[in-house]
Structures are given as structure tokens and as C-alpha cells.
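Here the sequence shown stands for residues 0 to 231, numbered as in numbering that gives the first Met the number 0.
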Amino acid sequence: MIKKAILITGANKGIGFEMARQLGKLGHIIIIAARNETRLKKAVQELEENQIEVKGLLMDVADEKSVWNAAETFAQLNLNLDVLINNAAILDKEDRSILQENEEMLLKTITTNSYGALRVVKAFLPFMKSPSRIINISSEGGSMTDPVGGWAPAYCVSKSLLNAITRHLAAELFTRHISVNAVCPGWVRTDMGGAGATLPVEKGAETPVWMATEAPQDLTGHFFRNKKQIPW
Ligand SMILES: NC(=O)c1ccc[n+]([C@@H]2O[C@H](COP(=O)([O-])OP(=O)(O)OC[C@H]3O[C@@H](n4cnc5c(N)ncnc54)[C@H](OP(=O)(O)O)[C@@H]3O)[C@@H](O)[C@H]2O)c1
0 MIKKAILITG
10 ANKGIGFEMA
20 RQLGKLGHII
30 IIAARNETRL
40 KKAVQELEEN
50 QIEVKGLLMD
60 VADEKSVWNA
70 AETFAQLNLN
80 LDVLINNAAI
90 LDKEDRSILQ
100 ENEEMLLKTI
110 TTNSYGALRV
120 VKAFLPFMKS
130 PSRIINISSE
140 GGSMTDPVGG
150 WAPAYCVSKS
160 LLNAITRHLA
170 AELFTRHISV
180 NAVCPGWVRT
190 DMGGAGATLP
200 VEKGAETPVW
210 MATEAPQDLT
220 GHFFRNKKQI
230 PW
């Protein structure tokens with residue numbers, strides 16, 4: 000096994016934390032990023048107790064300065080980044096109508112879920128050599144081919160935008176042998192997915208973990224679920 004350095008955003012809980020646990024157990028170096036220092040420390044401690052080689056990085060993906068500060072801190076680790084997983088996202092409780100008058104929630108959702116991921120790519124690209132991988136954790140809610148049903152429209156739009164960003168990044172980074180793909184984890188029992196979701200967190204992390212490790216490096220510019228390509 001080649002030991003990789005893997006950065007996961009929004010990894011203090013949920014699918015992000017589970018990806019960190021699974022990838023760490025495989026022997027990779029994990030850098031978990033989170034915006035809350037207390038929760039970040041707790042997550043680092045829990046992974047260390049599981050004999051995982053882990054570093055914590057304070058980073059709020061919705062705050063440009065925080066992302067660039069995190070990149071400066073990362074530079075001090077003297078690591079090349081083999082895999083970047085953009086996982087951090089929000090789904091607002093008030094996200095019910097695309098016609099909502101107040102724009103704040105839509106803008107906050109896009110700033111975090113879509114532009115946040117792009118920002119992290121821009122800040123961490125200098126550490127990514129050839130070949131390496133970027134994985135954007137998306138959702139079938141952002142699909143342009145599935146029916147749209149009025150569910151969490153701001154969140155769905157943010158994931159459609161993340162998918163579009165994924166395709167453009169894949170095209171631009173192709174010659175540098177940096178693959179860029181989007182992954183839907185399925186409907187997973189986390190704070191975001193809720194208790195009624197169909198999948199346990201272990202299963203939700205499965206396809207991103209495969210994408211970070213076993214998936215062919217030349218797969219790029221695609222959308223995956225259950226380790227299979229799905230339509231955008
Ligand atoms: N669960 C599902 O059914 C499902 C389905 C499809 C796609 N997804 C996607 O899977 C990914 C993980 O979701 P999850 O279910 O694990 O959600 P979750 O349990 O709510 O975890 C989301 C993580 O993102 C972090 N985060 C939010 N905003 C952030 C910011 N501005 N900067 C840094 N971190 C931030 C949260 O940190 P705090 O603790 O600080 O809030 C938390 O660690 C997301 O991209 C989500 O859209 C989930």
C-alpha cells in the first residue's frame with residue numbers, strides 16, 4: 000500500500016469523520032479540517048485512540064481568510080496532498096422554497112457547499128502533485144436529470160453548482176493528472192440525513208473511500224454513487 004496524505008473538510012462528525020476513520024485504518028495520513036476548534040480536537044483525539052495518524056486543521060470553508068490560513072498551516076506539515084475530499088456542507092432547516100424572499104440562506108448554502116469547495120481547491124492545489132485526486136461530496140439532489148420535488152431547493156442548487164464546478168475542474172486539471180469527481184454517498188443517517196435515512200454512516204463513506212484509494216486514477220469528470228457512474 001502506498002501511504003497517502005488525505006485532507007477531508009467538515010470531518011468532525013458524520014460521513015466526513017467516518018471517511019477519516021476508514022481511510023486512517025487503511026494506514027493513510029489523515030488531515031481532518033473543521034471550523035469548530037473544540038469539536039476538531041475531540042475528533043482528532045478519537046481517531047488517535049484508534050491508532051490513526053491524524054492532524055487537525057482549523058478551517059471554515061465559508062470564510063476565505065480561514066481557508067488561506069489553513070493552507071498556510073498545512074504548508075508547515077511539509078506534506079504533499081494526494082487526496083482532497085470536499086465534504087463540508089450545510090442544509091438549512093428553512094430551505095423550503097426557491098422563491099423565498101430572503102436571499103441570505105441561499106447565498107450561505109452556496110458559499111459553503113459550492114464556492115467553499117472551489118476555494119479549498121484553489122488554496123490547496125499548490126500542494127497537489129501529479130497524480131492526485133479531488134473528490135467533491137455531492138448529492139443526487141443536485142442531479143439535472145432526476146425529477147425535482149421541491150425538497151431543499153437551495154441545497155439542491157448548491158450541489159448542482161458543485162457538480163458543474165467538478166466538471167470544469169476536471170477539464171482544467173486533466174493535463175496535471177489530478178482527477179476530479181463528484182460522489183453521492185446515498186441517504187445516510189447523520190445529523191444532516193436524519194434518523195430515518197436508509198444507510199448507516201459506514202456505507203455512506205464507502206464510495207468516497209473507494210474513490211480515494213482503489214478507483215482508477217484516470218476516472219475523472221464523473222458523478223458516482225455505489226461505486227458506479229451516474230448521470231449528472
Ligand atoms: N447524510 C446524507 O443523507 C447525505 C446525502 C447526500 C449527500 N450528503 C453530503 O455528504 C456530506 C457530509 O454530510 P453529513 O451527512 O455527514 O452531514 P453532517 O453530519 O451535518 O456533517 C457536515 C459537516 O460539515 C461541517 N461544516 C458545515 N459547514 C462548514 C463550514 N463552513 N466549514 C467547515 N465545516 C463545515 C460540519 O461542521 P459543524 O459540526 O461545525 O457544523 C460537519 O462536520 C455533505 O457534503 C452532504 O451534503 C449527505
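Glycine included, C-beta positions come from ideal geometry on N, C-alpha and C.
Beta carbon of residue i nearer than 9 Å to that of residue j
i, j, result
"S113", "S178", "no"
"V182", "L198", "no"
"S142", "W231", "yes"
"V82", "R20", "no"
"M18", "I7", "yes"
"I196", "I84", "Looking at the sequence provided, one finds Ala at residue 196 rather than Ile. Result no, Cβ atoms of A196 and I84 do not sit closer than 9 Å."
"L105", "Q99", "yes"
"I134", "N180", "yes"
"L234", "N68", "Lying outside 0 to 231, the shown extent of the chain, residue 234 is not represented and no answer is given."
"D91", "T110", "no"
"G26", "V43", "no"
"A122", "A70", "yes"
"G185", "R224", "yes"
Rounded distance between the beta-carbons of residue j and residue i, thought under 8 Å
i, j, result
"I97", "P152", "4 Å"
"W209", "K227", "Not really, about 11 Å apart at Cβ, beyond 8 Å."
"V200", "G13", "7 Å"
Proximity winner among the options, relative to residue i (alpha-carbon distances)
i, options, result
"F173", "R224, W150, K128, G26", "K128"
"G9", "E45, H27, L57", "L57"
"T165", "G220, F123, E201", "G220"
"I24", "K40, E36, E48", "Note that residue 24 is Lys in the sequence shown, not Ile. It is E48 whose Cα lies nearest to the Cα of K24."
"A87", "G15, L46, A122, F222", "G15"
"E93", "W150, L80, V53", "W150"
"P130", "R175, Y154, V200, K54", "R175"
"F73", "C155, F126, W209", "F126"
"I51", "E103, L22, R38", "L22"
"I229", "E171, G140, T37, V53", "G140"
"L124", "Y154, E171, E103, T144", "E171"
"L76", "C155, N101, I5, H167", "I5"
"L46", "K3, E36, I28", "I28"
"V53", "E103, K2, R95", "K2"
Pairs of beta-carbons, one from the stretch 56-76 and one from the stretch 116-124, closer than 8 Å: are there three or more?
yes
| task | Please confirm if the stretch 157-169 is in contact with the stretch 202-210, defined as three or more CB-CB distances below 8 Å between the two stretches. | result | no
Check your understanding: What alpha helix (DSSP H) runs, 4 residues minimum, are completely inside the stretch 47-81?
Key -> 63-74
### Query
Unbroken alpha helix (DSSP H) runs of length 4 or more, entirely within the stretch 5-53: which are they?
13-24, 36-48
contact_flag[the stretch 213-223, the stretch 18-35] where n(CB pairs < 8 Å) is 3 or more: no
Length-filtered (3 minimum) beta strand (DSSP E) runs lying within the stretch 169-202: 177-182
Would you mind listing the beta strand (DSSP E) stretches within the stretch 77-146 that are 3+ residues and don't spill past its ends, in chain order? 82-85, 131-136
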